[in-house]
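Numbering (our numbering), first residue to last: 273 to 539.
Here the structure is laid out as structure tokens; the discussion comes afterwards.
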């Protein structure tokens with residue numbers, strides 16, 4: 273029988289959840305399996321069940337709270353993020369955020385309400401207002417950088433270890449240094465050091481998978497960032513499902529998992 277890690281590597285997320293659930297039921301005190309189950313449940317979208325596994329983990333071994341507590345805060349941030357996409361809950365914003373960011377929030381409200389034309393018009397105006405930002409991907413220079421998703425085009429989605437979900441304007445970011453993935457959850461939320469002008473220099477997590485699945489559902493390939501699909505036709509505001517992609521200099525697309533560092537030249 274294939275192990276959970278083998279199933280996950282093959283893209284069978286639900287199979288990995290089933291296998292790990294069986295292992296935990298057979299050996300409830302197996303802390304490593306219970307932790308893996310919590311991570312797999314988050315990947316599959318079952319955030320509340322994942323939180324329950326962390327609660328059980330801390331009851332079995334109180335010392336595990338050192339690792340479990342920060343993860344529970346990230347679960348709260350992820351819950352807020354999902355509520356943005358499903359219910360329109362507004363993310364946390366920095367002081368002095370520009371009008372282009374607020375315009376994209378307004379566009380998403382219209383999109384959720386079914387006003388596709390209205391959302392497209394606002395997104396088009398916001399793109400005109402979006403400042404081009406130059407910098408380096410590793411050692412490779414660029415003159416402009418944006419998310420391919422029209423709603424998050426000029427921002428980074430950020431989850432903090434204090435349970436907050438932020439939209440950080442790209443033109444406020446000085447540096448992002450990504451940590452190489454080590455655990456399954458690193459495929460969903462990339463750990464990184466982020467330096468933001470006049471705000472913070474901190475360890476955060478950046479979602480590597482789009483939140484658009486809340487609008488239409490998603491499969492294992494989307495949840496694991498193995499594929500990118502788009503909601504929206506030509507001339508409409510486009511929302512991503514699956515692997516997050518950026519566009520560099522208006523031409524080259526690059527996925528977040530392939531980036532080691534980003535340094536921006538601020539105006």
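Built from N, CA and C at the ideal position, the CB exists for glycine as well.
Given the structure is predicted, the values throughout are model-derived calculations rather than measurements.
Within the stretch 497-526, the beta strand (DSSP E) runs of at least 3 residues that lie entirely inside it are, in chain order, 500-503, 511-514, 517-520. For residue 515, same chain residues with a beta-carbon under 6 Å away, outside a window of 5 residues either side, are 497, 500, 527 in chain order.
Nearest Cα to residue 492 within the set 304, 411, 377, 318: 318.
Check the Cα spacing between residue 457 and each of 487, 486, 333, 313: the tightest is with 313. Counting C-beta pairs with one atom in each stretch, the stretch 470-481 and the stretch 373-387 have fewer than three that are closer than 8 Å, which means they do not touch. Minimum Cα-Cα distance from residue 434 among the listed residues 344, 467, 519 corresponds to 344. By a beta-carbon distance limit of 8 Å, residue 349 contacts residue 437. Their separation comes to about 5 Å.
A distance below 6 Å between beta-carbons, with the five flanking residues on each side excluded, links residue 490 to the following residues of its chain, in chain order: 513.
Look at the beta carbons and you see the stretch 296-306 touching the stretch 323-342: at least three pairs across the two are nearer than 8 Å.
Here residue 421 is not near residue 519, since their CB atoms are 8 Å or more apart.
In the structure shown, residue 394 adopts helical secondary structure according to DSSP, grouped into three states. Burial state of residue 521 is exposed, judged by a 10 Å Cβ sphere holding fewer than 16 other Cβ atoms.
Under the rule that a run must span 4 or more residues, the alpha helix (DSSP H) segments found entirely inside the stretch 283-340 read 285-298, 303-316, 319-332. DSSP lists no beta-bridge partner residue for residue 372.
Closest by C-alpha distance to residue 488, out of 358, 535, 443, is 358. Within the same chain, Cβ atoms closer than 8 Å to the Cβ of residue 401 are found at 370, 371, 372, 375, the five residues on either side in sequence being excluded. Between residue 444 and the set 469, 423, 459, 461, the nearest pair of CA atoms involves 469.
In this structure, residue 430 sits away from residue 442, with a CB-CB distance that is not shorter than 8 Å. When secondary structure is reduced to three states using DSSP, residue 406 falls in the strand class. A check of alpha carbon separations from residue 503 across 484, 517, 495 identifies 484 as the nearest.
Just so you know, the alpha carbons of residue 297 and residue 279 end up roughly 19 Å apart.
DSSP places residue 447 inside the beta strand (DSSP E), whose first and last residues are 445-450. Exposure of residue 452 is indicated by the presence of fewer than 16 other C-beta atoms within 10 angstroms of its C-beta. As the crow flies, the alpha-carbon of residue 432 is around 32 Å from that of residue 294.
Taking a C-beta distance under 8 Å as the contact criterion, residue 531 and residue 450 qualify as a contact pair.
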